[in-house]
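If you read the sequence shown in the working numbering, its first letter stands for residue 1, the second for the next number, and so on.
Input: a single structure, listed below in structure tokens.
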Amino acid sequence: MYRHYIKRLIDIILSSCALLVLALPMTVIAAIVKLDSKGPVLFWQKRVGIHKSTFMMPKFRTMYINAPANMPTNMLNDPSKWITKSVAWLRKLYLDEFPQILFILTNKMSVIDHKINAFKRVRTVY
């Protein structure tokens with residue numbers, strides 16, 4: 001009965017602490033992304049959550065805005081052609097995922113949850 005409330009409390013505590021610690025690095029990363037290439041700082045990707053419900057998940061943009069939008073990076077002929085040079089390291093270190101902390105705080109995602117899949121992957125599996 002209280003499991004949901006405890007899980008939510010853990011989400012709030014962990015995401016608040018993470019946001020306090022990562023606010024400055026996130027600001028610096030946002031500035032680097034903005035200076036690196038034209039386009040928005042955030043990229044919104046369709047993801048599938050619990051009970052196959054879909055939502056848009058934010059990530060720092062690491063690709064040029066003219067990159068193919070509906071194709072996973074690993075399926076591109078030459079992914080390095082589309083990934084911006086000065087922020088490619090964000091992907092390698094998973095720092096492009098930092099904006100998701102805000103979604104945990106607003107209860108759209110959870111720290112303690114199943115793996116959220118990309119929409120395209122789920123469509124091919126189901």
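The beta carbon of each residue, even a glycine, is placed where N, CA and C say it ideally should be.
Q | Contact set for I10: own chain, Cβ-Cβ below 8 Å, skip 5 residues either direction | A | V111, I112
Q.
Tell me which residue opens and which closes the beta strand (DSSP E) that K7 is part of.
A. First-last for K7: 3-36, but that is the alpha helix (DSSP H), not the beta strand (DSSP E).
(Q) Can you tell me whether F98 is helix, strand or coil according to DSSP? (A) coil
Q. Going by alpha carbons, who is nearest to P79 out of M63, K92, Y94, V87?
A. M63
Q.
Check whether the region 19-34 and the region 44-58 are in contact - that is, three or more C-beta pairs closer than 8 Å.
A. no
Q: Check whether the Cβ atoms of W44 and P58 sit closer than 7 Å, and answer yes or no.
A: Yes.
Q. If you drop the 5 nearest sequence neighbours on each side, which residues of the same chain put their C-beta closer than 6 Å to that of F103?
A. M109
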